[in-house]
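Residue numbers (our numbering), protein chains in the order written: chain F, 96 to 358; chain U, 367 to 671.
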Ligand SMILES: Cc1cc2nc3c(=O)[nH]c(=O)nc-3n(C[C@H](O)[C@H](O)[C@H](O)COP(=O)(O)OP(=O)(O)OC[C@H]3O[C@@H](n4cnc5c(N)ncnc54)[C@H](O)[C@@H]3O)c2cc1C
Ligand SMILES: Cc1cc2nc3c(=O)[nH]c(=O)nc-3n(C[C@H](O)[C@H](O)[C@H](O)COP(=O)(O)O)c2cc1C
Ligand code: FES
């Protein structure tokens with residue numbers, strides 16, 4: 096049995112979340128039941144002339160009907176084209192790809208830090224923790240963006256009953272400022288008992304990585320890199336490791352311990 | 367009617383003419399998560415060098431129109447780790463293992479191939495004379511004299527068949543192919559990547575830290591076909607065609623131009639199960655056109671005179 100499959104799937108639903116964000120449901124994906132938080136799919140976007148597939152984190156999955164969901168922002172040619180797809184259109188996907196997060200210990204408070212389009216894997220991780228018996232209220236979920244436009248699908252994360260802290264750079268929603276401000280307070284308040292999980296823009300990850308390393312807080316983050324193949328065979332997605340050498344983000348990652356990768 | 371996809375190159379039997387190209391399938395471990403490597407005619411492993419190499423700093427790849435540029439810089443585990451840790455993984459698959467070898471000097475090819483001579487699973491070697499990302503290697507690729515000598519030296523130490531992999535970045539590829547044949551090469555494979563460049567107009571920087579890289583993918587297929595066609599007329603040894611192959615139709619074009627087998631490279635990045643699909647579609651084509659063996663296509667191009 097193949098661990099990774101190459102399949103044609105249909106778009107079963109596409110939702111315009113406004114301001115350039117879209118949610119896409121696709122099915123049937125034969126590995127939907129095997130998906131782990133942090134994993135991604137490599138999507139071939141038809142009819143737009145981009146040669147490589149594009150990587151998207153798995154936002155949610157439904158083992159029963161074999162569907163998965165992705166959430167994306169339009170940033171270039173491929174994503175613009177994907178946004179124009181309609182229900183019933185076919186897409187090629189390869190997946191599930193990449194590794195997953197380490198589960199927190201019982202005594203630890205998981206703190207999930209999502210910046211902008213880093214939200215999908217953090218959401219799925221929260222869902223997974225709750226399914227595995229973590230009470231929602233014990234999970235702290237920080238969700239930040241530049242403006243309130245970047246905070247999409249807030250209602251979904253609210254439904255999980257997590258302790259939700261929202262931030263925007265311009266103060267248009269939630270607390271004003273960087274997501275790392277409330278994070279610093281949480282680390283100080285609950286010293287020694289938190290485990291951090293982060294996904295978001297490079298600048299945010301750098302700040303969280305530094306905070307985690309300086310304060311000796313355990314945890315992991317999910318990284319990005321341009322990915323020609325997504326399956327570990329091209330060596331194009333490498334990033335430098337602190338201990339020397341390179342790591343393939345698509346296969347050895349995208350999830351890394353803090354301090355592991357040179358950002 | 368059963369359809370025979372097998373081909374024979376230098377006495378080695380391939381169950382089908384489909385190989386995966388060096389540098390686009392690692393050492394096989396990753397693709398084995400997608401399909402059994404036993405479905406391949408052969409696998410050509412990532413170029414190995416005497417010492418491990420980290421490769422160039424990222425970005426090492428750039429997407430281009432109908433293809434890509436790469437300047438991986440021959441990142442590989444080195445011959446010791448390859449023999450100890452990578453080759454054993456390929457034991458369990460029923461496929462031909464072609465070990466691709468790269469070096470800065472002829473002596474390095476000899477050193478690596480001497481080690482490989484003791485490895486029963488190294489069915490064949492392919493000498494990468496043409497990696498455009500490593501300056502030193504280019505000398506052999508562009509010099510008929512050096513290429514002939516390199517093949518001859520390797521033939522003295524490696525008992526199995528030797529394939530010389532040719533660079534398209536030369537004035538006359540047929541001349542280099544003939545030199546390799548004179549040196550004792552059992553086959554030639556072509557083409558490696560073409561030197562190319564892409565520029566970021568916001569930063570005024572090349573898109574690769576190596577500044578230039580190797581162009582591959584569908585963009586290079588017409589160039590590769592013309593070169594296979596030319597070399598087919600110049601040498602008697604078998605040709606392995608490489609360059610932009612993504613479908614069974616592409617494979618058939620190469621076979622007609624004279625290739626006895628082909629390698630799939632960049633297409634694996636976009637469609638990692640390409641070899642499986644091609645094997646299926648190749649059978650369909652043969653059956654539809656009433657051929658019973660893929661060998662019936664090799665070199666059957668009807669050129670205009
Ligand atoms: C593991 C992984 C998971 C991802 N998950 C999501 C997700 O859930 N939702 C989402 O919206 N996006 C996600 N991305 C990013 C997404 O892959 C890119 O936005 C997409 O490839 C852009 O394609 P494009 O053709 O629209 O843009 P392009 O025209 O290719 O590029 C537009 C701009 O984005 C940059 N860029 C392109 N690809 C990447 C990349 N992979 N990493 C960083 N910068 C890039 C380019 O340099 C350029 O500046 C993920 C990326 C990775 C590697
Ligand atoms: C990312 C990448 C890495 C490569 N590495 C090697 C290598 O290590 N040795 C080699 O002989 N060729 C290497 N090649 C060249 C391919 O084997 C092949 O000759 C070339 O890409 C043309 O075929 P394609 O268009 O099907 O990719 C590499 C190509 C790519 C795209
Ligand atoms: S994207 Fe090819 S190795 Fe990671």
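Ideal Cβ positions, reconstructed from N, Cα and C, are used throughout, including at glycine.
query: Along the chain, where does the alpha helix (DSSP H) containing residue 422 of chain U start, and where does it finish?; result: Unbroken run through residue 422 of chain U: none, as it is neither H nor E.
query: With 8 Å as the threshold, decide whether the Cβ of residue 401 of chain U is near any Cβ in chain F.; result: yes
query: Does residue 432 of chain U get closer than 8 Å to chain F when you measure Cβ to Cβ?; result: yes
query: Decide if residue 545 of chain U is buried, meaning its Cβ has at least 16 other Cβ atoms within 10 Å, or exposed.; result: buried
query: For residue 286 of chain F, would you say it is in contact with chain U, using Cβ-to-Cβ distances shorter than 8 Å as the test?; result: no
query: If you reduce the DSSP assignment to three classes, tell me which class residue 473 of chain U lands in.; result: helix
query: Hey, does residue 147 of chain F have any beta-carbon neighbour from chain U nearer than 8 Å?; result: yes
query: Looking only at its own chain, which residues have a Cβ that is under 6 Å from the Cβ of residue 215 of chain F, when we skip the five neighbours before and after it?; result: 152, 154, 166
query: With distances taken Cα to Cα, identify the nearest neighbour of residue 208 of chain F among F:106, F:246, F:309, F:112.; result: F:246
query: Any contact between the stretch 143-150 of chain F and the stretch 171-185 of chain F? By contact I mean 3 or more CB pairs, one from each, below 8 Å.; result: yes
query: Pick helix, strand or coil for residue 640 of chain U, following the three-state DSSP scheme.; result: helix
query: By the 7 Å beta-carbon criterion, what residues does the stretch 440-451 of chain U contribute toward chain F?; result: 441
query: Using a Cβ-Cβ cut-off of less than 7 Å, give me the residues of the stretch 384-395 of chain U that come near chain F, in sequence order.; result: 390, 391, 392
query: Within 8 Å (strictly less), CB to CB, does residue 296 of chain F reach chain U?; result: no
query: Rounded to whole angstroms, what is the Cα-Cα separation between residue 642 of chain U and residue 255 of chain F?; result: 43 Å
query: For residue 532 of chain U, verify whether its CB is less than 7 Å away from any heavy atom of ligand 3.; result: no
query: Under 8 Å between C-beta atoms, does residue 427 of chain U make it to chain F?; result: yes
query: Spatial neighbours of residue 329 of chain F within its chain, please: CB distance less than 7 Å, with the 5 preceding and 5 following residues excluded, ordered by chain position.; result: 323
query: What are the boundary residues of the beta strand (DSSP E) that residue 189 of chain F is part of?; result: 185-192
query: With C-beta atoms as the reference, is residue 664 of chain U less than 8 Å away from residue 634 of chain U?; result: no
query: What do you reckon, are the CB atoms on residue 532 of chain U and residue 496 of chain U nearer than 8 Å?; result: yes
query: Compile a chain-ordered list of the residues in the stretch 621-640 of chain U whose CB is closer than 7 Å to at least one CB of chain F.; result: 634, 635, 636, 637, 638, 639
query: Identify, in the order they occur along the chain, each residue of the same chain with its Cβ nearer than 7 Å to the Cβ of residue 102 of chain F, setting aside the five sequence neighbours on each side.; result: 124, 125, 188
query: For residue 346 of chain F, which residues in chain U fall below 7 Å Cβ to Cβ?; result: 396
query: Return no unless some Cβ of chain U is closer than 8 Å to the Cβ of residue 334 of chain F.; result: yes
query: Would you kindly report the start and end of the unbroken beta strand (DSSP E) that includes residue 205 of chain F?; result: 204-210
query: Identify the continuous beta strand (DSSP E) that holds residue 290 of chain F and give its terminal residues.; result: 289-294
query: Are residue 526 of chain U and residue 476 of chain U closer than 8 Å when you measure CB to CB?; result: no
query: Using the beta-carbon count (16 or more within 10 Å), is residue 304 of chain F buried or exposed?; result: buried
query: Residues in its own chain within less than 7 Å of residue 566 of chain U by CB, not counting five upstream and five downstream?; result: 573
query: Would residue 421 of chain U pass as an interface residue toward chain F - the criterion being a Cβ-Cβ separation below 8 Å?; result: yes
query: Looking only at its own chain, which residues have a Cβ that is under 7 Å from the Cβ of residue 584 of chain U, when we skip the five neighbours before and after it?; result: 432, 433, 610, 612
query: Looking at residue 631 of chain U and residue 480 of chain U, is the spacing between their C-beta atoms short of 8 Å?; result: no
query: For residue 139 of chain F, is the classification buried or exposed, using 16 other Cβ atoms within 10 angstroms of its Cβ as the cut-off for buried?; result: buried
query: Can you check which of these residues, F:196, F:248, F:261, is closest to residue 239 of chain F by C-alpha distance?; result: F:261
query: Along the chain, where does the beta strand (DSSP E) that runs through residue 102 of chain F open and close?; result: 100-111
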